[in-house]
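Below: one structure, written as structure tokens.
Residue numbers (the working numbering), protein chains in the order written: chain A, 505 to 757; chain B, 505 to 757.
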């Protein structure tokens, strides 16, 4: 590392306050900065997606000695208390600051392109786990309906394992407007068609309900179900979607 | 409801204190009582497993008016503050008190019976999600290795959706002794054999690592992997196991 790093020690520092705003959805929307944490995800993202980041935050220069820093990523040393305030998962490992990308608004009157997931998961950890499975099993686009958590919330980033950087994320409308979306439309439901006997189309929209609520009854989507023993009344929502995505991925290979 | 319910108003009441001990693993072990919460799970468990419960707790008798109460389940009215202290998920819905069953110690020198899951998940929510998938996809027995969360912890019950009542739960030894277990032994690993091309034996032990750590390198289990796009470095652990259990369940049907 040849550049001497900037040192920030005051909680009143405007840059620190900007990064602090990345810890909740409101600040993410207002200021457009996000914080990536994680012993595996930070080095991976820095290697694979250097253009997404602008700062590398740490407390001790020894932590990043020998790291190949891309030209656009400036190292910044923080006083330990400031660093801990940003390191909400307690990784004790350098953090990356990135710019939240724009999420274009989808036009649902147009047909789907590949497998599109439509969801309004309000819990950032649940949304993150879903994004991880979506990236792992080849969903092309994820549409965040009104009420969905922010996909760059620290908890969502933590659960997603860098899935945000390989997915196309789009904004969607409210539930009421989903009913008029161009199909084919599908939704998961315990009473639907067994998805292991289903011939997956190339392009489709798969709609996920809110946590604990499912898809509205008036939604015109065809219902698909994951076959089970029947020993539990339902699957965990993230597990059900992940299994569905896997079944399609395995069937199309 | 013909029996007038007992009313408890003091936090010093010995029965209340007993139920309060069900909120953590130590109290669960010491006193052997557990608390089941949930708008769907409580009525379902009362209908399907009445023999597992001894008390139904509520704050207002109107909440349980018309409930068919089995003979062995005594209704108990609690002062609102006491009820809230036990209703840690904030359901505002009657709670069931049950007796924690005995978990026999497994003899791993004996061959497996059906699909046995061996795990040491220390987070009760993660363990609960795993139990739910195990019950849904036909794992016959779940072996809780040393360090696993208590399967009747409130968070585990909440995540498992009554899976505890249909599974055979056993206690297991420490990691070091798992290496000597009778096989066939399998473990999930990103670099293993593609499990969609795997011929599942009827009887096997599937070993799950601890959160974020995986299975110890010296564990002699054959590694299986869930095929993915490669766009994320790994799957969420619960998702990976659930997909594996589903793949086996679907293949054997």
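Ideal placement from N, C-alpha and C gives every residue a C-beta, glycine not left out.
Computed from a predicted model, the values in this text were never measured in an experiment.
Query raised in the report: Counting contacts by CB-CB distance shorter than 7 Å, is residue 645(B) in contact with chain D?
Result: Absence of chain D from the displayed structure is noted, the protein chains being A and B.
Query raised in the report: Between residue 653(B) and residue 625(B), which are expected to be in contact by the criterion C-beta below 8 Å, what is the C-beta distance as a whole number of angstroms?
Result: 6 Å
Report task. Tell me whether residue 509(A) sits in a helix, a strand or coil according to DSSP, three-state version. Result -> In the structure shown, residue 509(A) sits in coil (DSSP, three-state: anything other than H, G, I, E or B).
Report task. Go through its chain and collect everything with a Cβ distance to residue 694(B)'s Cβ below 8 Å, but skip five positions before and after it. Result -> Cβ neighbours of residue 694(B) beyond the five flanking positions: 729, 737 and 738.
Query raised in the report: Going by DSSP, what residues sit across from residue 729(A) in a beta bridge?
Result: 698(A)
Requested in this report: Whole angstroms is fine: what's the gap from residue 674(A)'s alpha carbon to residue 727(A)'s?
Outcome: 24 Å
Query - Minimum Cβ-Cβ distance from residue 739(B) to chain A less than 7 Å - result: yes
Query raised in the report: So residue 751(A) and residue 712(A) are in contact, right, with Cβ under 8 Å, and what is the actual spacing, rounded?
Result: With a beta-carbon spacing of about 15 Å, residue 751(A) and residue 712(A) fall beyond the 8 Å limit used to define contacts.
Requested in this report: Grab me the residues of residue 505(A)'s own chain with a C-beta within less than 6 Å of its C-beta, minus the 5 sequence neighbours each way, in chain order.
Outcome: Low confidence applies here, because residue 505(A) scores a pLDDT of 48, under 50, leaving its location unreliable; read the following figure in that light. So no residue of the chain qualifies.
Query raised in the report: When the Cα atoms are used, what is the spatial distance from residue 542(A) to residue 641(B)?
Result: Going by the C-alpha atoms only, they are around 32 Å apart.
Report task. Compute the Euclidean distance between the alpha carbons of residue 534(A) and residue 532(B), then round it to the nearest angstrom. Result -> Straight-line Cα distance between these residues: approximately 46 Å.
Query raised in the report: With 7 Å set as the bound, which would you pick, yes or no: does the beta-carbon of residue 553(B) sit closer than that to a beta-carbon of chain A?
Result: no
Query raised in the report: Is it right to say residue 680(A) is buried, meaning 16 or more other beta carbons lie within 10 angstroms of its own, or is it exposed?
Result: exposed
Report task. At 4 residues or longer, and completely inside the region 525-569 of chain A: list those alpha helix (DSSP H) runs for me, N to C. Result -> Counting only runs of 4 or more, we get 529-535 and 545-552.
Query - Beta-carbon contacts of residue 616(A) that lie in its chain and below 6 Å, excluding the five residues immediately before and after - result: 707, 708 and 709
Query raised in the report: Can you list, in chain order, the residues of the region 521-555 of chain B whose Cβ is nearer than 7 Å to any Cβ on chain A?
Result: 544 and 548
Query - Cβ pair residue 647(A), residue 618(A) closer than 7 Å - result: no
Query raised in the report: Count the other CB atoms within 10 Å of the CB of residue 556(A); is the residue buried (16 or more) or exposed (fewer)?
Result: Classification of residue 556(A): buried, given that the 10 Å Cβ count is 16 or more.
**Report entry** Beta-carbon spacing of residue 513(A), residue 583(A) below 7 Å
**Finding:** yes
**Report entry** Per-residue DSSP class, three states only, for residue 631(B)
**Finding:** Here residue 631(B) sits in helix by DSSP.
**Report entry** Beta-carbon proximity list for residue 634(B), same chain, < 7 Å, skipping 5 on both sides
**Finding:** Result list for residue 634(B): 623, 625, 742 and 745, in chain order.
**Report entry** Simplified DSSP state of residue 742(B), which is helix, strand or coil
**Finding:** helix
Report task. Give a yes or no on whether the C-beta atoms belonging to residue 658(A) and residue 592(A) are separated by under 7 Å. Result -> yes
Query raised in the report: Taking any Cβ of chain A, which residues in the region 719-739 of chain B have a Cβ under 8 Å from it, in chain order?
Result: 730, 731, 732, 733, 735, 736, 737, 738 and 739
Query raised in the report: Closest by CA to residue 530(A), which one among 651(A), 547(A), 691(A) and 666(A)?
Result: 651(A)
Query - Closest by C-alpha distance to residue 724(B), when choosing among 629(B), 563(B) and 692(B) - result: 692(B)
Report task. Compare the C-beta of residue 700(A) with all C-beta atoms of chain B and state if any pair is closer than 7 Å. Result -> yes
Query - Pair within 7 Å by beta-carbon distance, residue 581(B) and residue 509(B) - result: yes
**Report entry** Identity of the residue in 547(B), 685(B) and 570(B) nearest residue 610(B) by Cα
**Finding:** 685(B)
Query raised in the report: Measuring CA to CA, which of 602(A), 523(A), 662(A) and 632(A) is closest to residue 595(A)?
Result: 662(A)
Report task. Report all residues from its chain with a CB closer than 7 Å to the CB of residue 749(B); omit the five preceding and five following residues, and keep chain order. Result -> 637, 638, 641 and 643
Query raised in the report: Name the DSSP bridge partner or partners of residue 579(B)?
Result: 560(B)
**Report entry** Beta-carbon contacts of residue 731(A) that lie in its chain and below 7 Å, excluding the five residues immediately before and after
**Finding:** 698 and 700
Query raised in the report: Buried or exposed: which applies to residue 518(B), given that a residue is buried once 16 or more other Cβ atoms fall within 10 Å of its Cβ?
Result: exposed
Requested in this report: Report back the beta-carbon spacing between residue 632(B) and residue 664(B) to the nearest angstrom; my notes put them in contact at under 8 Å.
Outcome: 4 Å
Query raised in the report: residue 620(B) lies in the beta strand (DSSP E); which residues open and close that run?
Result: 619-623
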